[in-house]
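Just so we're aligned: 8 in numbering that gives the first Met the number 0 is position 9 of the sequence shown, and the numbers increase by one with no gaps anywhere.
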Amino acid sequence: MLLSHPYATILNAESIGENFSCIHCTTLGAKSNGRPVIGDNVSLGASVTIVGHVRIGNNVTIGAGSVVVKDIPDNCIAVGNPCKPVRFLKK
């Protein structure tokens, strides 16, 4: 796990896979809506929010400022509010 400048970072995930990295102002989880499951080789940009019982697949990059409220599949780059895949990566 790499926490680069973990200022204002809240990690309350059900599980976090190997090779996870995130930058400052990242929030994972919530008090009442379940906790996310984070796969292997996941990288989060600054100010990403992931709430609820969602699954982030393996080999995923989530862009800065994204808000994840639904599952994100394996092997993709995802961005936005709400966050969605914008490019799928070759396996």
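Backbone N, C-alpha and C fix where the C-beta goes; we use that ideal spot for every residue, glycine too.
With respect to the 9 angstroms criterion, HIS52 and GLU17 are not classified as neighbours on the basis of their beta carbons.
When secondary structure is reduced to three states using DSSP, LEU10 falls in the strand class. Close CB contacts of ARG54 within its chain, under the 6 angstroms cut and outside five residues either way in sequence, are with VAL36, ASP70 (chain order). From the listed residues PRO81, ASN80, PRO72, the smallest Cα separation to PHE87 is found for PRO72. For ARG34, the three-state secondary structure derived from DSSP is coil.
Measuring C-alpha to C-alpha distances from VAL68 to each of LEU10, ASN32, CYS24 identifies ASN32 as the nearest.
Setting aside the 5 residues that flank it on each side, ARG34 is surrounded in the same chain by ASN11, ALA12, GLU13, GLY28, HIS52, each with a C-beta closer than 7 angstroms to its C-beta; the list follows chain order. Annotation for GLY62: GLY44, VAL78 place their beta carbon closer than 6 angstroms to its own, counting only its chain and skipping 5 residues before and after.
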